[in-house]
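Everything on this sheet refers to the single structure shown next.
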Amino acid sequence: MSQDPVDQFTRLPQDVIIEIFRHVEWRDLLHVRQTCKYLYKLSKARTVWLNYYHEYLAEKSFRVGVESTLGSYSSSELEAWVLKRKSVDLNWETTTHAVLERRIALKGCNNYVLIPGGRWLLVAIPDYSVICYDLDNVGMKSSILTPARASSTRGPNLIAVDVDHTSPTLNFVMGRT
41 MSQDPVDQFT RLPQDVIIEI FRHVEWRDLL HVRQTCKYLY KLSKARTVWL
91 NYYHEYLAEK SFRVGVESTL GSYSSSELEA WVLKRKSVDL NWETTTHAVL
141 ERRIALKGCN NYVLIPGGRW LLVAIPDYSV ICYDLDNVGM KSSILTPARA
191 SSTRGPNLIA VDVDHTSPTL NFVMGRT
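If you're matching positions, the sequence shown starts at 41 in our numbering and goes up one per residue.
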């Protein structure tokens, strides 16, 4: 009598299954995890998603890494990071989907910079403050990066960004005039 293939597979040691998962296409892993709770749990292993993270960066000529140290990301956060970027890549390559349009009222602003990776939008406001918009946030939450200047010190209202592409995390220096 033949046994259930899932049952046979789950009898392998956990570290062997996790090693196999590291070499499976990410879509296949998402299908495998639907077969049973045990494989679902193992598919969430941090080493699996850390491997997918490194593979994703290796296939890109323009690397945008995580925004803080890699060690600070949980398995679930790494999985969300990888799947979000894979989803964006897939949507970018197809023309059969509706484009999500978001609008930000930028009245009077004369300078803005979209940080590589597309999550952060920096906007120079007429009072010489700089606002940062988180475009991944559904409500596009904004934060003030630099406060308004006194009117006597005002000059050109420009911002520039220098991104450190060698860093494993998103690091940039912002300059403002």
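By construction, the Cβ of each residue, glycine as well, lies at the ideal position given by its N, Cα and C atoms.
Cβ neighbours of K84 in the same chain (closer than 6 Å, five flanking residues each side left out): Contacts found: S115.
Alpha-carbon to alpha-carbon, D68 and V56: When only Cα atoms are considered, V56 and D68 end up about 17 Å apart.
Under 8 Å between C-beta atoms of T209 and E99: No, they are not a contact pair.
For W160 and K27, the rounded distance between their alpha carbons: The structure shown does not extend to residue 27, since the chain spans only 41 to 217, so no value can be given for it.
Buried/exposed call for M41, threshold 16 Cβ in 10 Å: Low local confidence applies: a pLDDT of 47 at M41 is under 50, so the model's placement there is unreliable, with the coordinate-based value given in what follows. Classified as exposed, M41 has fewer than 16 neighbouring CB atoms from the shown chains inside 10 Å of its CB.
N91 classed as buried or exposed, judged by whether at least 16 other C-beta atoms fall within 10 angstroms: N91 should be labelled buried.
Where K81 falls, given that 16 or more other Cβ within 10 Å makes a residue buried: Counting other Cβ atoms within 10 Å of its Cβ, K81 stays below 16 and is therefore classed as exposed.
Beta carbon of P182 nearer than 8 Å to that of I199: The sequence as given places Ser at residue 182; Pro does not occur at that position. No; because the gap between Cβ atoms is not below 8 Å, this pair is not in contact.
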